[in-house]
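*Asks:* Just so we're on the same page, the numbering used here is the position in the sequence shown counted from 1, plus 730. Attaching a single structure in structure tokens format; questions to follow.
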Amino acid sequence: MEDPDAARAEITANWQKFFNPQTTKKQKVHLLEDAELYVLFVHAFADDPDLGQATATVEKVTFTSATSADVTFTLSQQHKTILSGVGQSVRQDGTWKISVKTLCAVAETRNVARPAACEPAIW
Numbered sequence: 731m732e733d734p735d736a737a738r739a740e741i742t743a744n745w746q747k748f749f750n751p752q753t754t755k756k757q758k759v760h761l762l763e764d765a766e767l768y769v770l771f772v773h774a775f776a777d778d779p780d781l782g783q784a785t786a787t788v789e790k791v792t793f794t795s796a797t798s799a800d801v802t803f804t805l806s807q808q809h810k811t812i813l814s815g816v817g818q819s820v821r822q823d824g825t826w827k828i829s830v831k832t833l834c835a836v837a838e839t840r841n842v843a844r845p846a847a848c849e850p851a852i853w
């Protein structure tokens with residue numbers, strides 16, 4: 731990775747943009763990994779009365795590879811914490827995006843309709 735500080739800033743900005751009620755659904759789609767497969771999921775997430783109104787604070791970004799990072803975050807709504815945890819960002823098509831795995835985990839906490847891809851494989 732050429733510039734970890736710039737990558738950290740992009741990850742933080744993209745999390746804050748994705749988890750922002752002012753960001754359009756179309757903009758959110760471009761901030762999710764493999765988003766073309768999950769447009770309806772992003773729309774359901776954005777329409778959720780809690781998560782769709784949440785804002786994100788990124789406390790820490792830890793790179794696990796040149797294309798992956800763990801993100802310690804807090805989601806808040808009206809200055810009240812609704813969720814804290816560690817999610818992932820992935821670098822895809824030249825942009826740091828929220829991982830689908832992370833959005834699945836966040837959606838599960840609020841019973842947002844999730845795609846089959848969120849369900850663990852049963853062998």
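We put the CB at the ideal spot given by N, CA and C, even for glycine. Keep in mind it's a predicted model, so treat the numbers as computed, not measured.
Leaving aside the five residues before and after Asp823 along the sequence, list all residues of the same chain whose C-beta is less than 8 Å from its C-beta, in chain order.
*Replies:* none
*Asks:* The beta strand (DSSP E) that contains Ala843, what's its start and end?
*Replies:* It is not in any beta strand (DSSP E) - Ala843 carries neither H nor E in the DSSP assignment.
*Asks:* Quick one, are the C-beta atoms of Val842 and Asp778 less than 7 Å apart?
*Replies:* yes
*Asks:* Pick helix, strand or coil for Gly782, following the three-state DSSP scheme.
*Replies:* helix
*Asks:* Beta strand (DSSP E) containing Thr742: first to last residue?
*Replies:* It is not in any beta strand (DSSP E) - Thr742 instead sits in the alpha helix (DSSP H) that spans 734-748.
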